[in-house]
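Undergrad: One structure, pasted below without further comment.
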Amino acid sequence: MSTIVNWRQLLFVFVVAVISVGLDYTVLDRIHTMDAALQQLAMLTFGLYIAFTLVNTVWSVFAGYQES
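Given below as structure tokens:
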């Protein structure tokens, strides 16, 4: 089990998380300027995107620890 690989994985996850949060705030700003029906659809899509991203990130980290 090499600690260097684990630190790289954690650093990569952290960088991806920071970029995702930055994109999320930009998307939320755009959503607030829409009308109500589009706003609900956008929030639903956005929520699914966040859920998928979180599950994918956790699964990737878990799979990485399983390999080492």
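Under this note's numbering, the residues of the sequence shown are numbered 2 to 69, in order. A virtual CB, placed ideally from N, CA and C, is assigned to each residue, including glycine. Every value quoted in this text rests on a predicted model; they were computed, and no experiment measured them.
Using 8 Å as the Cβ pair cut-off and three pairs as the minimum, do the region 28-38 and the region 53-61 touch?
TA: With the cut-off at 8 Å, the region 28-38 and the region 53-61 do not touch.
Undergrad: Starting from the C-beta of V28, find all residues in its chain whose C-beta is less than 7 Å away, skip the five residues before and the five after it, and write them out in chain order.
TA: The answer, listed in chain order, is F47.
Undergrad: Can you name, in chain order, every residue of its own chain whose Cβ lies under 8 Å from the Cβ of T54, other than the five neighbours on each side?
TA: Once the five neighbours on either side are set aside, the close Cβ partners of T54 are S21.
Undergrad: Can you give the Cα-Cα distance for A18 and L49, rounded to whole angstroms?
TA: If you take the alpha carbons of A18 and L49, they lie about 16 Å apart.
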